Each structure stands twice: as structure tokens, then as C-alpha cells.
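What the sequence shown shows, in the numbering used here, is residues 12 to 434, in sequence order.
Glycine is no exception: its CB is placed at the ideal position from the N, C-alpha and C atoms.
Treat the numbers as computed from the prediction; the structure is a model and nothing was measured.
Working notes, beginning with the structure itself.
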Amino acid sequence: MTALRFDVGKIPGNDDVPRVAAPDALQTLTAAAVDAGAAWTRLGNTLLVTGAPAQLERARAGRAPAERIEVPAARLHLVIQNGRQFQQGHPEVPVLVDRGRYLVVDLDPAEAGRLVEPSERHLPCFGVRPLPADTVVFEQRPPALARRRAVAEPRVAAVSRDAFAADLRTLAGFRTRHSTSTEFGTALDWADRVLSALGCVTRVQAVALPGGSTQNLIAERPGLGGDGRAVLVTAHLDSINVRDGADAPAPGADDNGSGAAGVLAVARALQDHPGARDLRLILFGGEEQGLFGSRHYVAELAPAERDRIHAVLNMDMIASRNTPSPTVLLEGAAVSQAVLEELAAAAQVHTGLTVQTSLMPFNSDHVPFVDHGIPAVLTIEGADGANDRIHTAGDTLEHLDLDLALEILRMNVAYLEQALGRA
Ligand SMILES: [Zn+2]
């Protein structure tokens with residue numbers, strides 16, 4: 012035996028909402044692992060403890076029931092996947108812990124490096140690394156009790172379901188929004204008209220791709236005064252059909268029609284908001300080919316412009332409900348911890364969302380910002396790893412849950428209202 016698995020505070024039929032006592036129990040078990048000299052890794056309410064048999068016995072003594080995992084520690088790997096793409100591509104690899112976006116799998120260390128195939132055409136669909144020791148992969152916070160939630164403020168209530176649904180229909184109505192397609196340009200022009208009509212000043216930035224080019228749309232609404240800082244709201248506009256190629260249908264309703272329509276929803280909700288700071292809305296191209304739009308955007312910013320960014324709020328896949336209770340994952344890095352906490356607080360006050368948090372940024376447009384020390388957070392549907400439709404012709408409107416998207420948008424608008432300040 013090389014590992015113990017503890018699952019804390021499970022509610023039968025609903026793995027995703029730990030009882031209130033769960034965080035305490037997790038801390039107690041983690042402390043016992045440390046005392047025993049064992050290593051630990053947490054994925055939500057699952058705790059893995061690894062070490063020699065004697066250490067595991069000590070870590071366990073008299074405590075919660077644990078499942079024994081009989082796999083040598085060197086074979087334990089953490090997978091972070093977009094959609095269900097690791098499991099679809101490698102059904103032969105045994106999955107020991109399945110928490111959607113995050114998996115713990117049994118893999119030969121020599122094999123692990125070979126699984127991730129870099130491609131010229133698209134981002135790797137998953138990352139694999141040895142199971143990180145003494146690390147929280149993601150944390151989970153249950154929603155606030157309904158009676159503790161504040162009455163929705165007008166701004167939060169201004170997130171229009173009808174307008175969001177209509178924008179989403181328009182975006183998913185394009186045969187594809189592949190970064191190099193004509194339809195991408197048409198979709199970008201349409202979004203440009205929408206944002207201009209909402210009072211933004213827009214510009215288009217050309218972005219080079221291997222074997223082609225694409226565009227970013229940047230829309231600016233100057234603040235009415237304040238400290239000269241800017242708050243960015245971003246999403247990728249492009250879609251992809253990985254298996255069937257650039258010419259195949261790629262409606263990309265969830266990935267990322269939902270996030271792109273979310274950017275427009277934010278612009279609508281904040282249209283008359285007297286924000287002190289600048290609000291900048293960006294729709295990126297080239298995300299699916301390897302974050303080309305966001306990388307280019309950040310690389311082109313002058314150092315003083317980078318320093319001016321207060322926060323970046325990125326939306327990528329916010330409308331597929333993969334968990335029994337509506338859940339959002341907030342994913343950032345150490346540099347974005349404060350933004351992440353403010354978003355989590357907004358979720359508690361204004362929504363019924365279960366909030367997962369992680370400081371392991373992966374594969375979306377928040378990564379180039381984080382890499383440059385800019386506080387950026389991804390907001391994404393919880394357990395996106397259970398979504399097996401993304402990057403296929405099957406990512407269509409009928410699979411979406413607008414209630415989940417609206418909850419995530421309410422959280423984001425509440426956060427933004429605060430982050431922008433009032434003039
Ligand atoms: Zn995406």
C-alpha cells in the first residue's frame with residue numbers, strides 16, 4: 012500500500028457539496044499526515060496521503076475510513092484536462108480519483124511524458140505531472156445559506172437572461188468560429204457592432220497563427236476618474252472541432268460561445284455604471300490553437316500598461332452544468348489570490364453557487380496574464396472534465412444550462428462593480 016484516500020463529508024447522491032464540517036475534518040486529517048511524515052494532496056473533499064506503510068498506518072490511526080490504493084507512489088500522476096479529453100484519448104489509463112477537470116491516474120513515469128503530444132493545430136487537451144506533494148489542487152466551498160444572501164442589487168439583477176440567450180444563439184449559429192475561418196471574422200464584426208452600440212470604443216488587433224492569422228477585438232470604456240487603473244473582462248471567441256479539422260462544424264456553444272456572450276452581458280449590465288476605473292472587454296482569437304490571441308495581446312502591452320491592470324476576469328465555458336449542484340471553478344495563481352477571494356465572496360453574497368478554487372492555472376487566456384505577473388482569474392463551470400462535447404460538432408445550445416451561466420455572470424458583475432469603483 013502506498014496511498015490512502017479519504018473522502019470527507021460526502022452526502023449520498025451528491026459528492027460535490029461537502030457538509031459544513033468537511034473543512035475541519037480535512038484539516039485534521041492533513042495534520043495527521045504531516046505528523047506521520049507522510050505526503051498529502053487535496054482535491055476538493057478528497058485527501059490522498061502517500062508514504063511508507065508505517066507512515067500511512069500512523070496517519071490513519073483511529074480516524075475516518077480510508078480506501079487503500081495499491082499503486083507505487085512514483086506512478087501516481089495528476090491530470091488537468093479540458094472537457095473529458097484525457098479519458099477519451101486514453102481510456103487504458105486507470106483513473107484512481109475523478110474530480111472532473113482533475114484526475115489522479117496510475118501511469119508509468121516514462122509513459123507520462125509521452126502522452127502529451129504537442130500539436131501545431133491546437134492546444135494540448137490535458138496536462139500530466141507527478142502527483143504534487145503537500146498541495147491543494149482545488150478547494151471547495153459550499154454556497155451560503157439562502158437566507159444569508161443579500162437581496163440582489165440592481166446591477167446584479169441587470170444581467171439580462173434574454174439578451175444573453177439571444178447572443179449565445181447568434182454565436183452558436185455560426186457554422187464554425189474557427190480562428191482562421193471567414194465566419195470568425197463575421198462573428199467578430201457582429202460583436203464589434205454590439206459593443207460599439209453599448210458605448211465602447213473598439214479596435215481590432217491582428218494576430219499571427221502558424222499558417223494563418225486571426226484577430227482580437229478590444230473594447231474600451233474609460234473610467235470616470237480614479238487611480239488610472241483598468242479592469243479587464245475577457246473570453247475567447249474562437250471555436251474548434253479537433254477531430255474533424257478546420258472546415259468541420261464547430262458551434263462552440265459552451266466553448267466558448269458562453270464566455271463570449273458573457274462578455275457582452277457584462278457590457279450590457281455595466282452600461283450605465285459610473286465606474287471610476289477603465290473597463291476593457293476583449294474577445295480573443297487563436298485560443299484553441301494555443302492562446303495565440305491573449306499571448307500576443309499581453310506581449311504587445313507596454314510595461315506601464317501591464318502595471319495599470321488591476322485585474323483580469325476571464326470566462327471560458329460557463330454554461331454546462333456537470334455537477335448535481337451549480338458549481339463554478341475560480342482558477343488563478345498566487346498573484347491573483349485577492350481577486351479570487353473577492354469573486355468567491357461575491358458568489359456567497361449574490362448566488363447559490365458552490366465555489367471551487369485552484370491555484371494551478373491551465374490552458375485558457377488567463378495564463379499569459381498570470382505568466383506576466385498580472386492578477387488574472389478564470390471563471391469556468393465546475394467539473395468541466397465531465398463535459399465530453401467540447402471541441403466537437405456536438406457542443407450545441409440544447410446542452411447548456413442558462414441558469415448556471417446567469418449565476419456565474421451575477422457573481423462576475425457583482426465583483427466588477429466593486430473592482431471598478433464609483434466615480
Ligand atoms: Zn475554451
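Residue i versus residue j: straight-line alpha-carbon distance, rounded
i, j, result
"Ala14", "Leu107", "11 Å"
"Thr245", "Gly296", "11 Å"
"Gly420", "Ala168", "Going by the sequence as given, residue 420 is Leu instead of Gly. Approximately 10 Å between the Cα atoms of the pair."
"Arg158", "Gly286", "Residue confidence is low: Arg158 scores 47 on pLDDT, short of 50, so the model does not pin down where it sits. Its coordinate-derived value is still stated next. Roughly 30 Å separates the two Cα atoms."
"Ala49", "His410", "43 Å"
"Ala278", "Gly222", "33 Å"
"Val139", "Leu243", "30 Å"
"Ala241", "His383", "16 Å"
"Thr225", "Leu364", "35 Å"
"Trp51", "Ala144", "6 Å"
"Leu415", "Arg69", "43 Å"
"Gln38", "Ala217", "49 Å"
"Asn56", "Pro102", "25 Å"
"Asp109", "Asp376", "25 Å"
Residue i beta carbon near ligand 1 (any heavy atom closer than 7 Å)
i, result
"Asp266", "yes"
"Glu428", "no"
"His517", "The chain is shown from 12 up to 434; residue 517 falls before or after that span and cannot be answered."
"Glu78", "no"
"Met328", "yes"
"Glu298", "yes"
"Ser375", "yes"
Contact check, residue i vs residue j, beta carbons under 8 Å
i, j, result
"His284", "Gly94", "no"
"Ile229", "Gly273", "no"
"Val19", "Ala72", "no"
"Leu134", "Asn374", "yes"
"Val170", "Ala276", "yes"
"Ser347", "Val388", "yes"
"Val116", "Val127", "no"
"Arg86", "Pro120", "yes"
"Ala77", "Phe17", "yes"
"Gln66", "Ala47", "yes"
"Arg152", "Leu417", "no"
"Gln359", "Thr338", "no"
"Leu235", "Leu427", "no"
"Ala261", "Ala430", "no"
"Ala257", "His189", "yes"
Coarse secondary structure for residue i, derived from DSSP in three states
i, result
"Asn56", "coil"
"Gly73", "coil"
"Arg421", "helix"
"Val277", "helix"
"Phe17", "strand"
"Ala202", "helix"
"Asn227", "strand"
"Asp35", "helix"
"Asn267", "helix"
"Asp109", "strand"
Closest residue to residue i among the options (Cα-Cα distance)
i, options, result
"Ile293", "Ala310, Arg319, Met326", "Met326"
"Glu353", "His383, Pro335, His321, Thr334", "His321"
"Ala44", "Leu209, Leu54, Asn398, Thr61", "Thr61"
"Gly393", "Ala387, Asp412, Pro386, Gly384", "Asp412"
"Asp178", "Tyr426, Ala345, Gly268", "Gly268"
"Asp266", "Ala208, Trp201, Gly210, Ile391", "Ile391"
"Glu451", "Ile251, Gly239, Gly210, Thr368", "Residue 451 lies beyond the range of the chain shown here (12 to 434); nothing can be said about it."
"Asp238", "Val424, Arg433, Arg16", "Arg433"
"Asp255", "Leu290, Thr187, Leu417, Glu428", "Thr187"
"Leu220", "Phe303, Val323, Ala358, Gln367", "Phe303"
"Arg112", "Gln99, Asp406, Asp145", "Gln99"
"Leu248", "Pro141, Arg110, Asp203, Asp318", "Asp203"
"Ala174", "Pro141, Val205, Ser190", "Val205"
Near ligand 2: residue i beta-carbon under 7 Å from a heavy atom
i, result
"Ser207", "This structure does not include ligand 2; its bound ligands are ligand 1."
Closer than 8 Å to chain B by CB, residue i
i, result
"Met422", "The displayed structure is made up of one protein chain only, and chain B is not part of it."
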